[in-house]
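Structure first, then comments.
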Amino acid sequence: MEIITAVRGFKDILPPETDKWRHIEETAHKVFCVFGFREIRIPLLEKTELFCRGIGESTDIVEKEMYTFLDRGEESLTLRPEATASVIRAYLEHNLHAAESVTKLYTIGPMFRRERPQKGRYRQFHQIDAEILGPDDPRTDAELILMLLHFLEKLGLRKLTLEINSLGCAACRPAFREAILSFLRGREEELCGDCRRRLVTNPLRVFDCKVETCAAIISQAPLLPDFLCAGCRDHFEKVQASLRLFDIPFKLNAKMVRGLDYYTRTTFEVTTEFLGAQNAVVGGGRYDHLVRDLGGPDISGIGFAIGIERLAAMIPEADADALLPGPLLFIATLGEAALEKAFFLCNGLRMKGIHVEMDHAGRSLKSQMKRADKLKSAYTLILGEREITENKALLRNMLSSTQTEVGLDSLEETITELAR
Ligand code: AMP
Numbered sequence: 002m003e004i005i006t007a008v009r010g011f012k013d014i015l016p017p018e019t020d021k022w023r024h025i026e027e028t029a030h031k032v033f034c035v036f037g038f039r040e041i042r043i044p045l046l047e048k049t050e051l052f053c054r055g056i057g058e059s060t061d062i063v064e065k066e067m068y069t070f071l072d073r074g075e076e077s078l079t080l081r082p083e084a085t086a087s088v089i090r091a092y093l094e095h096n097l098h099a100a101e102s103v104t105k106l107y108t109i110g111p112m113f114r115r116e117r118p119q120k121g122r123y124r125q126f127h128q129i130d131a132e133i134l135g136p137d138d139p140r141t142d143a144e145l146i147l148m149l150l151h152f153l154e155k156l157g158l159r160k161l162t163l164e165i166n167s168l169g170c171a172a173c174r175p176a177f178r179e180a181i182l183s184f185l186r187g188r189e190e191e192l193c194g195d196c197r198r199r200l201v202t203n204p205l206r207v208f209d210c211k212v213e214t215c216a217a218i219i220s221q222a223p224l225l226p227d228f229l230c231a232g233c234r235d236h237f238e239k240v241q242a243s244l245r246l247f248d249i250p251f252k253l254n255a256k257m258v259r260g261l262d263y264y265t266r267t268t269f270e271v272t273t274e275f276l277g278a279q280n281a282v283v284g285g286g287r288y289d290h291l292v293r294d295l296g297g298p299d300i301s302g303i304g305f306a307i308g309i310e311r312l313a314a315m316i317p318e319a320d321a322d323a324l325l326p327g328p329l330l331f332i333a334t335l336g337e338a339a340l341e342k343a344f345f346l347c348n349g350l351r352m353k354g355i356h357v358e359m360d361h362a363g364r365s366l367k368s369q370m371k372r373a374d375k376l377k378s379a380y381t382l383i384l385g386e387r388e389i390t391e392n393k394a395l396l397r398n399m400l401s402s403t404q405t406e407v408g409l410d411s412l413e414e415t416i417t418e419l420a421r
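Residue 421, in the numbering used here, is where the sequence shown stops; the numbers in between run on with no holes.
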């Protein structure tokens, strides 16, 4: 019988990859906590309307990438394609805004988009998502970016580029939209089919088009920062000034429009030269109208989403190996009495939080030592009939190949001491 495989674009995360993931997630918990963030856990499934209203009807995500279905023919539900809309839904549903004027939340988990799978792009992928709800001052934007960069630095990631832009606000974006529309209307014939459609639905999306002819046209298009109103310009300049204050290098990218409609003012991406075509590791930005658009009060927000698959791909295997060391001790056994004694010793040490391994199958000493090697055990102990009778054995340091005699009664003590 043939085995059943996973769905296209959905992948298993296996050890040792999972060690990297745990390290990434634990680092996020630690760093975000220092910046005053609290974790929120939200459902994977939401009412479809949340994403249509939140992300925008004319975005690629809502138009063609959502996993949407009728639940038993009654209600349209969608597997979340991103986290921000859900975080705000929960924030409003549980009245979190009434409890405090600044709410910092983060969440980690899977997202679902029916994109064309390729290296670095999956249909189920995972994000670390952080949001600050309440303040709209530029220092908050800088603080969030500082936290993000600190987190990436803690993971030892290098050669990253921070790109920032401002998408303006409801006051200044319409003028830009008009300018870009009149610029593109003259060149409609040269645009791809998708972009011609975007002219009607959402002309800013043309900036995202990867088709060469469209990219060539857009390279001469008017740029958003030239249309910013005084308020947006001031906000953007202050964000940049704060980043400079902390010596954070950044690139201005006037063409970065981001794929979601809710962004206003500051937007940013972190890219890397390591990942080829899928080079964006983080995307984020301010959204000053989203809370209101989702039925809440006029509250500003800013957030980012980091792709865990792409982060993990940037952590070298060698670094990952060091993340989860092998067992401290491997007890190899010869004979039934030794097996039982080793089981007892193993359990005692494990109860003390020490990683110890043994082989219950009574295989040859050679194959047990091979396994100890493979597991990268720091020490091994061989227990045979003689050792049990004499109540002592040789403890071998696998790195230095030195041996010391230890009494079995004091083994727990000796190993606990080594674990310190
Ligand atoms: P976005 O929510 O589109 O702004 O994406 C934020 C980050 O999530 C990106 O920079 C990627 O690291 C990651 N990401 C988005 N879509 C995918 C995908 N289909 N597969 C893997 N990672 C993704």
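Where is the CB? At the ideal position from N, CA and C, for every residue including glycine.
Quick caveat, the model's predicted, so the values are computed rather than measured.
- Per the C-alpha coordinates, the member of Thr162, Glu391 and Met352 positioned closest to Glu270 is Thr162.
- In this structure, the beta-carbon distance from Trp22 to Ala313 falls below 8 Å.
- Close CB contacts of Val32 within its chain, under the 8 Å cut and outside five residues either way in sequence, are with Met148, His151, Phe152 and Lys155 (chain order).
- Between Leu93 and Gly297, the C-beta spacing is below 8 Å.
- Ranking Ala172, Ile56 and Pro111 by CA distance to the CA of Gly308 puts Pro111 first.
- Per DSSP, the continuous alpha helix (DSSP H) segment holding Lys239 begins and ends at Ala231 to Leu246.
- In this structure, Val88 places its C-beta atom within 8 Å of the C-beta atom of Thr108.
- Each of Gln241, Glu213 and Cys173 was checked against the Cα of Asn166, and the nearest Cα belongs to Gln241.
- If you compare the alpha carbons of Lys371, Gly302, Cys233 and Lys353 with that of Ala131, the shortest gap goes to Gly302.
- Restricted to the segment 99-166, the alpha helix (DSSP H) segments that are unbroken, complete and at least 4 residues in length are 139-155, listed in chain order.
- Around the beta carbon of Pro250, fewer than 16 other beta carbons sit within 10 angstroms, so the residue counts as exposed.
- For Met359, the three-state secondary structure derived from DSSP is strand.
- The C-alpha of Arg114 lies about 52 Å from the C-alpha of Glu341.
- Cβ-Cβ separation between Glu164 and Lys252: approximately 5 Å, consistent with a contact (criterion under 8 Å).
- Inter-residue distance for Val292 and Ile133 is about 12 Å (C-alpha atoms, whole angstroms).
- In the structure shown, the three-state DSSP call for Ile14 is coil.
- With contacts defined as CB atoms closer than 8 Å, Leu261 and Cys173 fail to qualify as a contacting pair.
- By the neighbour-count definition (other C-beta atoms within 10 Å, threshold 16), Pro16 is an exposed residue.
- A residue is called buried once 16 or more other Cβ atoms fall within 10 Å of its Cβ, and Ile4, having fewer, is exposed.
- Here Asp61 carries a helix assignment [DSSP, helix/strand/coil].
- Exposure of Leu366 is indicated by the presence of fewer than 16 other C-beta atoms within 10 angstroms of its C-beta.
- The segment 272-281 and the segment 189-202 do not touch, with fewer than three beta-carbon pairs separated by less than 8 Å.
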